[in-house]
Amino acid sequence: MTSPPNALCFGDEFPANGAPCLVHVEAHGLTMIVLSDQDAGERRSESVPFSELTVSAGGLDHDQLVATWKGATGERTLYLKNPHVIRAFRQAAPDHLTISLERAAEQVRQVRQRHRIVWSIVGGMLLIVVLGLWFGSDLLVELAVDRIPIEWEQKLGESAYHDFLARQEIMNEGLAVAAVKEMTHRLTAAIPENPYTFEITVVKSDVVNAFALPGGYIVVFTGLMKKAESPEEVSGVLAHELNHVLQRHGLERIVKQLGFTAVVSIVLGNQQGLGGVMKQLGVELMTLKFGRAQETEADLTGLQLLYRAKINPNGMITFFQRLAKKDEGRVEWLSTHPMSSSRADRLEAEIAGMPKQPPEPFTFDWTKVRASLGAHSGGSP
Amino acid sequence: MKSEVLYPGAFPMVRVELAEGEHIKAESGAMVACSPTIDIESKMEGGFLGALSRKFLTGEKFFFQTLRASRGAGEVLLAPTVPGEIVVLELDGVNEYMVQKDGFLAGADGVTINSQMQSMSRGLLGGEGFFILKMSGKGMLLLNSFGAVHKIELKPGQEYIVDNSHLVAWSTTTTYNIEKATSGWVASFTSGEGFVCRFRGPGLVFIQSRNPGGFGAWVRQFIPVAE
Ligand SMILES: [Zn+2]
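Chains A and B, in that order, give the protein sequences. Counting from 113, one number per residue, gives the positions in the first sequence under my numbering. Counting from 60, one number per residue, gives the positions in the second sequence under my numbering.
Structural data, given as structure tokens:
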């Protein structure tokens with residue numbers, strides 16, 4: 113009797129990974145011989161009639177036949193995998209078991225079919241996504257971006273924001289901070305159904321720049337405020353940057369740039385790949401350049417926002433035209449937002465088409481704000 | 060074939076004694092030293108396509124090493140790449156195990172290694188990718204872990220919850236479902252963690268006391284980022 117085991121038996125006196133045993137299917141039921149590890153003659157054998165068995169499908173892939181019964185020494189669970197034994201069992205089993213057997217077999221079929229269906233759907237979707245990204249379909253990018261929850265976007269932007277601020281000198285209080293806060297508040301209050309809580313920080317730096325990170329994190333450099341002759345000019349930049357956030361331009365760029373690799377690594381469940389992608393995002397966010405269509409969109413929606421907030425929208429145009437003319441200092445915002453004549457024309461046409469309304473002034477005195485930053489007010493025309 | 064784990068603990072090594080004609084399959088790079096009677100062959104298990112798919116889908120090494128005692132009996136010393144325990148399992152022909160891709164160290168010639176596709180949700184959320192290794196057949200199987208190995212014994216119907224990044228191997232008589240550990244999908248996707256497996260017995264589940272992904276992230280914070 114040196115036949116190899118063909119089943120595993122579980123029960124209180126057996127090891128947790130099951131005792132290998134040899135199962136024979138007979139006319140009246142099952143006979144099970146436990147092949148204990150010590151090849152001593154002490155071999156336990158048990159016979160169970162079919163009437164005492166309950167059967168089901170089990171195991172990792174639901175492809176094993178599980179038979180349970182109450183033995184003399186306790187509960188027994190038998191896992192059968194050998195196709196010959198399973199076939200013999202199905203042929204010999206009486207009617208009351210046939211029903212559960214068929215149900216178990218049906219379960220296996222269903223699991224297999226579901227796997228097949230899911231896999232083909234996923235395969236198809238993956239193909240569509242890959243093809244779409246391959247041909248750079250903006251529609252697909254937008255669809256993908258729509259699925260990304262705001263909280264994820266915020267998490268992304270937040271880490272980049274804190275990384276950036278850690279290396280900067282931050283202004284926490286003063287006239288300039290109060291002024292920027294007031295402008296932001298005026299603008300955000302005018303956004304209908306705003307899902308973002310915007311956070312804004314003033315950074316002490318002569319660089320003429322301002323930018324927005326996904327999730328609603330805005331950074332304004334004092335250099336930009338010093339160059340502005342009116343709060344409307346700063347508001348123009350803010351309205352533009354706020355709309356990069358609201359239109360989710362950052363995410364669109366990310367999905368577009370990382371598309372293929374990101375999708376693949378997410379689908380393959382590669383944690384390190386995904387982690388790497390997230391790390392990389394943090395770096396890319398800071399150097400993110402928006403596309404021309406996105407800039408136009410931010411310009412136009414920015415103008416509308418200024419209008420709704422009752423802020424004179426002309427500041428948006430005058431500021432950048434003036435900055436473009438005088439090539440002094442580091443005007444970083446211009447390198448990412450070149451003030452082409454077509455851009456100005458477009459903005460002017462848009463403003464001309466808007467119904468006139470009297471702008472509401474801000475509560476602060478802009479000359480004092482600039483003076484607090486050390487701008488020499490006499491320099492401007 | 061006899062094996063003995065030397066220096067048990069964090070930096071173990073295993074000595075395998077091979078009789079003439081016997082061979083053992085090992086993760087490529089696992090061989091530390093061997094007798095001059097042993098031949099080392101790099102073989103693509105499962106043919107070129109099998110190896111290729113394993114490489115791309117499980118991240119498993121393209122080659123296994125086969126160490127064959129073709130010129131007489133001898134011994135082989137094997138060690139894993141990461142610090143951690145080595146577990147010796149004896150497959151009896153009916154006990155089968157699923158092994159996470161980094162968990163395999165070596166197997167006797169009677170052990171069959173198959174890459175197996177997991178179900179969608181397990182593959183997507185489990186963090187081991189869509190393919191894992193299925194070990195069947197007869198003979199010695201050596202697994203390695205990151206950290207110490209802890210064995211969980213499950214009775215029929217008994218349940219236990221394991222963080223998926225700590226999984227090493229589990230019996231095919233168990234079933235499991237992937238569940239979200241925390242509320243909120245955001246945390247789960249961004250950290251790459253936060254998924255747990257709810258195992259249901261009978262069978263064994265081997266887990267490791269350290270999480271390689273977590274350790275990697277911890278190390279990474281000390282590496283200066285090149286601009
Ligand atoms: Zn812009």
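Glycine residues also receive a C-beta, built at the ideal position from the N, C-alpha and C atoms.
Item	Value
Within the 8 angstroms Cβ cut-off, does Ser-115 (chain A) reach chain B?	no
Mind checking which residues open and close the beta strand (DSSP E) that includes His-136 (chain A)?	131-137
What does Thr-234 (chain B) touch in chain A if you count any residue whose Cβ is under 8 angstroms from its own?	Gly-170, Gly-171, Leu-172 and His-174
Name the two residues that bound the continuous alpha helix (DSSP H) containing Thr-479 (chain A).	478-484
Run down chain B in chain order and give the residues with a C-beta less than 8 angstroms from the C-beta of Pro-132 (chain A).	Asp-151, Gly-152, Val-153 and Asn-154
Would you kindly report the start and end of the unbroken alpha helix (DSSP H) that includes Gln-433 (chain A)?	426-437
Return the first residue and the last residue of the alpha helix (DSSP H) that His-174 (chain A) is part of.	Run containing His-174 (chain A): none; DSSP gives neither H nor E here.
Less than 7 angstroms between the CB of Ala-351 (chain A) and some heavy atom of ligand 1, yes or no?	no
What would DSSP say about Thr-140 (chain B), mapped onto helix, strand or coil?	coil
Measure the C-alpha to C-alpha separation of Val-227 (chain B) and Val-289 (chain A) and round it to an integer number of angstroms.	54 angstroms
Expressed to the nearest angstrom, what Euclidean distance is found between the alpha-carbon atoms of Ile-378 (chain A) and Gly-206 (chain B)?	Caution is warranted here: a pLDDT of 42 is assigned to Ile-378 (chain A), below 50, making its placement in the model unreliable, and the coordinate value is therefore given only provisionally. Going from the Cα of Ile-378 (chain A) to the Cα of Gly-206 (chain B) covers about 27 angstroms.
So, for Val-220 (chain A): in the same chain, excluding its five sequence neighbours on each side, which residues have a beta-carbon less than 7 angstroms away from its beta-carbon?	Ala-169, His-174 and Asp-175
Within 8 angstroms (strictly less), CB to CB, does Pro-215 (chain B) reach chain A?	yes
Under 7 angstroms Cβ to Cβ from Lys-193 (chain B), same chain only, skipping five residues before and after it: list those, please.	Glu-155, Met-157, Asn-173 and Gln-175
So Pro-195 (chain A) is in the alpha helix (DSSP H); what residue range does that whole segment cover?	195-204
Which residues mark the beginning and the end of the beta strand (DSSP E) in which Arg-259 (chain B) is found?	254-259
Write down the C-beta distance between Leu-148 (chain B) and Leu-213 (chain B) rounded to the nearest angstrom, noting that I regard them as a contact closer than 8 angstroms.	Between Leu-213 (chain B) and Leu-148 (chain B) the Cβ distance is about 16 angstroms, and since that is not below 8 angstroms, they are no contact.
Could you work out which residues of chain B lie near Val-272 (chain A), taking near to mean beta carbons separated by less than 9 angstroms?	Here residue 272 (chain A) turns out to be Ala, not Val, going by the sequence shown. Neighbours of Ala-272 (chain A) on chain B: none; closest Cβ ~13 angstroms, over 9 angstroms.
Going by DSSP, name the residue or residues bridged to Arg-156 (chain A).	A:Val-146
Give the secondary structure of Asn-203 (chain B) by DSSP, where H, G and I count as helix, E and B as strand, and everything else as coil.	strand
Which of helix, strand or coil does DSSP assign to Ile-172 (chain B)?	strand
Starting from the beta carbon of Phe-122 (chain A), find every residue of chain B whose beta carbon is closer than 9 angstroms, and list them in chain order.	Lys-214, Pro-215, Thr-232, Gly-260, Pro-261 and Gly-262
Name the residues in the stretch 177-200 of chain A whose C-beta lies less than 8 angstroms from a C-beta of chain B; which are they?	Thr-180, Glu-187, Thr-189, Tyr-191 and Lys-193
Give me the residue from B:Met-199, B:Thr-171 and B:Ser-204 with the minimum Cα distance to Glu-76 (chain B).	B:Met-199
State yes or no: is the C-beta of Phe-402 (chain A) nearer than 7 angstroms to some heavy atom of ligand 1?	yes
Let me know if Met-428 (chain A) comes out buried or exposed under the rule of 16 or more other beta-carbons within 10 Å of its beta-carbon.	buried
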